[in-house]
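First up is the structure itself, then whatever we jot down about it.
Protein chains: 2
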Amino acid sequence: MANIALLGYGTVGRSAADLLTRASDRLAAAAGEPVTLQYILVRRAYPGSEHAPRFVTDFDAIERDSSVRVVAEAIGGTGAALEYCRRALAAGKHVVTANKQLIAEYGHELTALARERGVQLLFEPSVAGGIPLLHPLRECFGACSVREVAGILNGTTNYILTEMRERGASYDAALARAQELGYAEQDPAADVEGLDAGRKTCILASMLTGLRADPAAVCMRGITDIRPEDAALAACAGMSIRLLGRVIRAEGGTAVFVRPHAVAGSSPLCRVSGVTNGALVRAEPLGEVFFSGPGAGGEATACALLSDVLEILRAPGRPQPSVWSGEALPLLDPDTLPMRWLIRTDEPAGRLEAALGALRPVRTQEGVCGAVTGTMTRRALDGAGLRLKAAWPVFE
Amino acid sequence: MANIALLGYGTVGRSAADLLTRASDRLAAAAGEPVTLQYILVRRAYPGSEHAPRFVTDFDAIERDSSVRVVAEAIGGTGAALEYCRRALAAGKHVVTANKQLIAEYGHELTALARERGVQLLFEPSVAGGIPLLHPLRECFGACSVREVAGILNGTTNYILTEMRERGASYDAALARAQELGYAEQDPAADVEGLDAGRKTCILASMLTGLRADPAAVCMRGITDIRPEDAALAACAGMSIRLLGRVIRAEGGTAVFVRPHAVAGSSPLCRVSGVTNGALVRAEPLGEVFFSGPGAGGEATACALLSDVLEILRAPGRPQPSVWSGEALPLLDPDTLPMRWLIRTDEPAGRLEAALGALRPVRTQEGVCGAVTGTMTRRALDGAGLRLKAAWPVFE
Numbered sequence: 001m002a003n004i005a006l007l008g009y010g011t012v013g014r015s016a017a018d019l020l021t022r023a024s025d026r027l028a029a030a031a032g033e034p035v036t037l038q039y040i041l042v043r044r045a046y047p048g049s050e051h052a053p054r055f056v057t058d059f060d061a062i063e064r065d066s067s068v069r070v071v072a073e074a075i076g077g078t079g080a081a082l083e084y085c086r087r088a089l090a091a092g093k094h095v096v097t098a099n100k101q102l103i104a105e106y107g108h109e110l111t112a113l114a115r116e117r118g119v120q121l122l123f124e125p126s127v128a129g130g131i132p133l134l135h136p137l138r139e140c141f142g143a144c145s146v147r148e149v150a151g152i153l154n155g156t157t158n159y160i161l162t163e164m165r166e167r168g169a170s171y172d173a174a175l176a177r178a179q180e181l182g183y184a185e186q187d188p189a190a191d192v193e194g195l196d197a198g199r200k201t202c203i204l205a206s207m208l209t210g211l212r213a214d215p216a217a218v219c220m221r222g223i224t225d226i227r228p229e230d231a232a233l234a235a236c237a238g239m240s241i242r243l244l245g246r247v248i249r250a251e252g253g254t255a256v257f258v259r260p261h262a263v264a265g266s267s268p269l270c271r272v273s274g275v276t277n278g279a280l281v282r283a284e285p286l287g288e289v290f291f292s293g294p295g296a297g298g299e300a301t302a303c304a305l306l307s308d309v310l311e312i313l314r315a316p317g318r319p320q321p322s323v324w325s326g327e328a329l330p331l332l333d334p335d336t337l338p339m340r341w342l343i344r345t346d347e348p349a350g351r352l353e354a355a356l357g358a359l360r361p362v363r364t365q366e367g368v369c370g371a372v373t374g375t376m377t378r379r380a381l382d383g384a385g386l387r388l389k390a391a392w393p394v395f396e
Numbered sequence: 397m398a399n400i401a402l403l404g405y406g407t408v409g410r411s412a413a414d415l416l417t418r419a420s421d422r423l424a425a426a427a428g429e430p431v432t433l434q435y436i437l438v439r440r441a442y443p444g445s446e447h448a449p450r451f452v453t454d455f456d457a458i459e460r461d462s463s464v465r466v467v468a469e470a471i472g473g474t475g476a477a478l479e480y481c482r483r484a485l486a487a488g489k490h491v492v493t494a495n496k497q498l499i500a501e502y503g504h505e506l507t508a509l510a511r512e513r514g515v516q517l518l519f520e521p522s523v524a525g526g527i528p529l530l531h532p533l534r535e536c537f538g539a540c541s542v543r544e545v546a547g548i549l550n551g552t553t554n555y556i557l558t559e560m561r562e563r564g565a566s567y568d569a570a571l572a573r574a575q576e577l578g579y580a581e582q583d584p585a586a587d588v589e590g591l592d593a594g595r596k597t598c599i600l601a602s603m604l605t606g607l608r609a610d611p612a613a614v615c616m617r618g619i620t621d622i623r624p625e626d627a628a629l630a631a632c633a634g635m636s637i638r639l640l641g642r643v644i645r646a647e648g649g650t651a652v653f654v655r656p657h658a659v660a661g662s663s664p665l666c667r668v669s670g671v672t673n674g675a676l677v678r679a680e681p682l683g684e685v686f687f688s689g690p691g692a693g694g695e696a697t698a699c700a701l702l703s704d705v706l707e708i709l710r711a712p713g714r715p716q717p718s719v720w721s722g723e724a725l726p727l728l729d730p731d732t733l734p735m736r737w738l739i740r741t742d743e744p745a746g747r748l749e750a751a752l753g754a755l756r757p758v759r760t761q762e763g764v765c766g767a768v769t770g771t772m773t774r775r776a777l778d779g780a781g782l783r784l785k786a787a788w789p790v791f792e
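The following block contains the structure:
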């Protein structure tokens with residue numbers, strides 16, 4: 001019998017509690033033993049709930065109960081969640097979490113603590129929600145060299161960008177609609193400014209390199225300045241504007257960044273629409289593998305969280321599988337990477353070609369003008385002396 | 397030090413041998429110990445090869461060498477490959493294989509033998525080549541209930557269908573081109589008649605249910621009767637004709653079948669083009685997760701094969717993770733499943749609607765006529781007394 005303590009009773013916590021109680025047969029079959037939800041840590045009790053007998057308001061009860069093997073953290077943030085995860089690991093309990101901020105900021109400390117204490121800390125749902133991504137990256141690519149991971153890792157911004165492209169909605173209207181549907185928070189800053197995707201990208205970078213990608217050091221741009229005419233221009237070029245988090249391993253360092261890209265129609269990322277997440281893994285000599293699926297939502301996140309619980313219960317003696325040191329990952333400035341660019345500009349085609357070389361002009365029916373350039377760095381593009389209204393790296 | 401014996405030196409064998417020798421540092425890091433290619437079983441020696449010192453022509457040498465921990469089978473078929481896999485497992489050696497025929501036909505026997513002998517038999521590359529699919533299905537979906545897997549599992553037929561759709565090529569011309577490019581065998585029967593995809597679908601079904609899906613009992617149709625006008629009609633309906641292998645778990649049984657489908661444009665499977673493979677997993681309450689990537693090719697297959705080697709070396713004491721019994725999986729006749737249909741027919745729209753109810757007529761610029769029906773079984777469609785030139789279930 002494996003006793004589980006759940007921390008938090010928000011969207012993810014409730015879904016996890018429901019799944020733990022309703023799918024207990026399936027979980028027991030997968031774990032090879034009964035999996036029991038023993039405690040739910042809440043700030044206040046919910047008297048009418050079917051889970052009422054499991055509610056506790058003090059983490060001490062969980063920490064002291066040696067029968068609790070796995071703590072599932074669904075509080076979020078780096079306050080209580082950090083404290084409880086530290087204490088759980090120190091007490092010799094495995095921890096699973098969906099908390100990207102916690103792992104992005106304290107993953108180096110917590111994974112090292114897990115290894116030291118002979119327990120495991122897994123965090124599959126912290127990146128790309130319900131899509132199995134971290135697990136396959138860790139377990140299935142060992143024979144190859146992963147050169148790049150590029151992902152649509154934030155469903156809120158992808159929903160907004162999809163609305164802008166497919167309905168010509170303004171940013172404000174699309175955001176309001178996302179809020180109405182519950183896809184965006186009332187304070188959407190962490191999503192729309194790229195921080196949420198950036199944290200997830202840092203987790204990917206840290207996992208892949210074994211060194212800490214610090215969210216504070218990583219270039220993150222959001223989508224707040226994307227306009228409907230940008231979406232239209234990209235569509236006219238056969239592309240979609242998408243907020244990509246990228247980890248690119250190159251000579252001399254790793255580029256880790258989040259910014260809107262013009263994703264070419266030939267890429268499977270171009271067609272990841274709405275709140276769906278997607279990630280493309282480029283590995284040598286394997287080639288490109290693409291994953292997509294539900295990036296958020298209580299049930300999908302809870303599935304990934306409990307999948308981590310099952311992984312631990314099936315291999316309880318395994319040493320912590322992902323550890324990265326606190327040493328800073330040497331970061332490559334993304335502006336030094338050669339890429340093609342989709343630019344929006346009113347400069348005449350002749351002047352563009354004179355400055356940038358051969359390019360493909362783009363002009364929407366509404367008269368929005370731009371071009372797709374050849375391969376050059378952002379620095380070279382900026383140094384060409386052109387008046388650009390916007391420029392997005394082309395992802396292909 | 398983990399000694400590996402490779403059986404076979406064809407496309408996959410050569411790639412695996414190259415990867416084992418050239419990526420030895422990476423493999424050692426991933427395995428936690430050096431991984432050494434000790435033997436390559438060949439029918440005749442290749443004197444000039446860099447691997448010459450490793451060639452053996454007699455399996456006995458491998459079987460008797462107790463230092464060989466993992467046997468990687470890359471012979472194919474069910475002759476020598478079956479014999480050597482049996483002997484390797486019986487001798488207490490782990491086995492990895494890319495051989496879908498072997499696993500589809502003898503997986504029940506070989507997985508049971510592995511479990512009995514306390515070793516592991518892994519076969520990730522046998523389905524969807526280089527895409528991590530079997531591993532995530534096994535390890536990452538335990539908290540949910542997998543209701544369906546639908547996949548484009550054969551690159552040859554997908555290349556042919558893509559050529560027909562995108563260039564209007566005839567089946568014969570597209571096949572000839574595939575042969576020219578090395579994507580199709582000189583005798584393409586196993587690919588184009590659906591047997592290859594069928595074997596892979598049987599492996600998925602057996603893994604998911606724990607019961608044997610016998611390739612001989614499973615309905616497999618290929619693409620030999622698809623015509624360019626079919627591809628055009630599907631395109632006009634916003635769909636693509638794709639050969640799908642499907643495992644659908646329903647009340648009363650499991651439908652396991654391979655046949656051409658009209659894949660709706662909203663499905664990520666619609667845009668899996670050329671030799672790429674793709675698979676969609678539907679799980680409750682998780683939702684839909686999609687995987688795509690290289691389904692064949694020496695290097696991609698070798699990566700997946702060696703990824704299985706690494707998985708074994710990291711968890712050598714783990715019991716065989718996928719076992720299915722020899723008992724036959726109760727199969728549901730796919731013709732009893734309610735689906736929408738894309739039909740090609742010259743029947744007038746009025747007569748179609750009178751017989752089938754509301755439908756969406758489709759007519760290409762070249763005058764190819766058809767319709768997308770409402771939801772009904774194949775039996776109901778066939779029983780409507782209409783002259784249909786072709787009918788494909790709609791996958792959406």
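Protein chains in written order, with the numbering used here: chain A, 1 to 396; chain B, 397 to 792. For each residue, glycine too, the CB sits at the ideal point set by N, CA and C.
* **Distance between beta carbons of P690 of chain B and G142 of chain A, contact taken as under 8 Å** => Taking the first sequence and counting its residues from 1, the one referred to as residue 142 of chain A is at position 142. Taking the second sequence and counting its residues from 1, the one referred to as residue 690 of chain B is at position 294. For a cut-off of 8 Å, the C-beta gap from G142 of chain A to P690 of chain B is around 17 Å, too long to register as a contact.
* To do: Identify the contact partners of E535 of chain B in chain A, using a Cβ-Cβ distance below 7 Å as the criterion.
  => Here residue 535 of chain B is taken as the residue at index 139 of the second sequence, counted from 1. What E535 of chain B touches in chain A: H135 and E311.
* Can you tell me whether DSSP reads P215 of chain A as helix, strand or coil? -> The residue given as residue 215 of chain A occupies position 215 in the first sequence. In this structure, P215 of chain A counts as helix in the three-state DSSP scheme.
* Looking at E723 of chain B and R783 of chain B, is the spacing between their C-beta atoms short of 8 Å? -> Your numbering for residue 783 of chain B matches position 387 in the second sequence. Your numbering for residue 723 of chain B matches position 327 in the second sequence. No. Outside cutoff.
* Counting only runs that start and end within the stretch 540 to 577 of chain B, where is the beta strand (DSSP E) found for 3 or more residues in a row? -> 541 to 548
* **Buried/exposed call for S823 of chain B, threshold 16 Cβ in 10 Å** => Outside the shown range of chain B, which is 397 to 792, sits residue 823 of chain B, and nothing can be said about it.
* Asked: Going along the chain, which unbroken runs of the beta strand (DSSP E) with 3 or more residues stay wholly within the stretch 202 to 253 of chain A?
  -> 239 to 250
* A205 of chain A versus V256 of chain A - alpha carbon distance -> By one-based count along the first sequence, residue 205 of chain A stands at place 205. By one-based count along the first sequence, residue 256 of chain A stands at place 256. Going by the C-alpha atoms only, they are around 7 Å apart.
* To do: Could you tell me which of B:R460, B:P726, B:V515 and B:L530 sits nearest to K496 of chain B, measuring between CA atoms?
  => Against the second sequence, residue 496 of chain B aligns to sequence position 100. Residue B:L530 is the option with its Cα nearest to K496 of chain B.
* Amino acids of chain B, ordered along the chain, whose beta-carbon sits closer than 8 Å to that of P268 of chain A -> Taking the first residue of the first sequence as 1, we reach residue 268 of chain A at position 268. By Cβ distance, chain B contributes P664, R667 and S688.
* Asked: Which chain B residues are close to A411 of chain A, counting only those with a beta carbon under 9 Å from its beta carbon?
  -> In the structure as shown, chain A starts at 1 and stops at 396, and residue 411 of chain A therefore has no counterpart that could be examined.
* To do: Return the Cβ separation of A250 of chain A and V394 of chain A in integer angstroms, given the expectation that the two are a contact with Cβ distance under 8 Å.
  => Taking the first residue of the first sequence as position 1, residue 250 of chain A is located at position 250. Taking the first residue of the first sequence as position 1, residue 394 of chain A is located at position 394. Actually they do not touch by this definition, with Cβ atoms about 17 Å apart.
* Ordered list of beta strand (DSSP E) runs contained in the stretch 715 to 772 of chain B, each at least 3 residues -> 737 to 740, 756 to 759 and 765 to 768
* To which residues does DSSP link Y39 of chain A through a beta bridge? -> Residue numbering aside, residue 39 of chain A sits at position 39 when the first sequence is read from its first letter. Bridge partners of Y39 of chain A: A:A5.
* Asked: Under three-state DSSP, which class holds H447 of chain B?
  -> For the purposes of this step, residue 447 of chain B is identified with residue 51 of the second sequence, where counting begins at 1. The answer is coil: DSSP assigns H447 of chain B none of H, G, I, E or B.
* Asked: Any chance the stretch 770 to 783 of chain B sits against the stretch 747 to 762 of chain B, with 3 or more Cβ pairs inside 8 Å?
  -> yes
* Interface residues of the stretch 136 to 165 of chain A facing chain C [CB-CB below 8 Å] -> Given the protein chain composition of this structure (A and B), no chain C is represented.
* Look at E695 of chain B and P285 of chain A and say whether their C-beta atoms are less than 8 Å apart. => Position 299 of the second sequence holds residue 695 of chain B. Position 285 of the first sequence holds residue 285 of chain A. In contact: E695 of chain B and P285 of chain A (Cβ atoms closer than 8 Å).
* **Residue interval of the alpha helix (DSSP H) (run including G409 of chain B)** => For this step, residue 409 of chain B is matched to residue 13 along the second sequence. First-last of the alpha helix (DSSP H) with G409 of chain B: T407 to R418.
* To do: State the beta-bridge partners of F686 of chain B as determined by DSSP.
  => Position 290 of the second sequence holds residue 686 of chain B. Answer is A:S292 and B:L676, bridged to F686 of chain B.
* C-alpha distance - A448 of chain B paired with Q434 of chain B, whole-angstrom precision -> The residue labelled residue 448 of chain B in the question sits at position 52 within the second sequence. The residue labelled residue 434 of chain B in the question sits at position 38 within the second sequence. Distance between the alpha carbons of A448 of chain B and Q434 of chain B is about 11 Å.
* Cβ separation of L375 of chain B and F455 of chain B, assumed to be a contact under 8 Å, to the nearest whole Å -> In the structure displayed, chain B extends from 397 to 792; residue 375 of chain B sits before or after that span and is not available.
* Asked: What residues of chain B sit near L181 of chain A, judged by a beta carbon separation below 8 Å?
  -> The residue given as residue 181 of chain A occupies position 181 in the first sequence. Contacts between L181 of chain A and chain B, judged by CB atoms closer than 8 Å, are missing: the closest CB pair is about 16 Å apart.
* To do: Have a look at the DSSP bridge pairing and note the partners of F257 of chain A.
  => Looking up residue 257 of chain A in the first sequence gives position 257. F257 of chain A pairs with A:C219 and A:R246.
* Asked: Along chain B, which residues have their Cβ under 7 Å away from the Cβ of I4 of chain A?
  -> Translated into the one-based positions of the first sequence, residue 4 of chain A becomes position 4. Within chain B, no residue comes near I4 of chain A; the closest Cβ sits about 12 Å away, beyond 7 Å.
* Secondary structure of T111 of chain A, DSSP reduced to three states -> Within the first sequence, the letter at position 111 stands for residue 111 of chain A. Looking at T111 of chain A - three-state DSSP - the assignment turns out to be helix.
* Asked: Is the distance from the Cβ of A679 of chain B to the Cβ of V542 of chain B below 8 Å?
  -> Locating residue 679 of chain B in the second sequence gives position 283, where the first residue counts as 1. Locating residue 542 of chain B in the second sequence gives position 146, where the first residue counts as 1. Contact flag set, yes.
* **First and last residue of the uninterrupted alpha helix (DSSP H) at R440 of chain B** => Here the question's residue 440 of chain B lines up with position 44 in the second sequence. Taken as a continuous stretch (DSSP letters only), R440 of chain B belongs to no alpha helix (DSSP H), as it is neither H nor E.
* Beta-carbon contacts of Y480 of chain B that lie in its chain and below 6 Å, excluding the five residues immediately before and after -> As a position in the second sequence, residue 480 of chain B is number 84, starting the count at 1. The answer, listed in chain order, is L403 and F455.
* Asked: Helix, strand or coil: which one does DSSP assign to A90 of chain A?
  -> In the first sequence, counting from the first residue as 1, residue 90 of chain A sits at position 90. In this structure, A90 of chain A counts as helix in the three-state DSSP scheme.
* Candidates A:H261, A:G253, A:L313 and A:C369: closest to P330 of chain A by CA position -> Reading the first sequence from its first residue, position 330 is the one you call residue 330 of chain A. The option with the nearest alpha carbon to P330 of chain A is A:G253.
* Between V192 of chain A and chain B, is there a C-beta pair that is closer than 8 Å? -> By 1-based counting over the first sequence, the position of residue 192 of chain A is 192. Chain B, which has no Cβ nearer than 8 Å to the Cβ of V192 of chain A, makes this no.
* To do: Output the boundary residues of the alpha helix (DSSP H) element that contains V515 of chain B.
  => Numbered from 1 along the second sequence, position 119 holds the residue referred to as residue 515 of chain B. No alpha helix (DSSP H) contains V515 of chain B, which DSSP labels as neither H nor E.
* **Three-state secondary structure (DSSP) of R774 of chain B** => Sequence index remark: in the second sequence, residue 774 of chain B carries index 378 (1-based). Three-state DSSP puts R774 of chain B in a helix.
* Show which residues of chain A have a CB atom less than 8 Å away from the CB atom of G526 of chain B. => On the second sequence, residue 526 of chain B is found 130 positions in, with the first residue counted as 1. By Cβ distance, chain A contributes L286, G287 and V289.
* Asked: So is the beta-carbon of T36 of chain A under 7 Å away from any non-hydrogen atom of the ligand ATP?
  -> With respect to small molecules bound, the structure shown includes none, and the ligand ATP cannot be examined in it.
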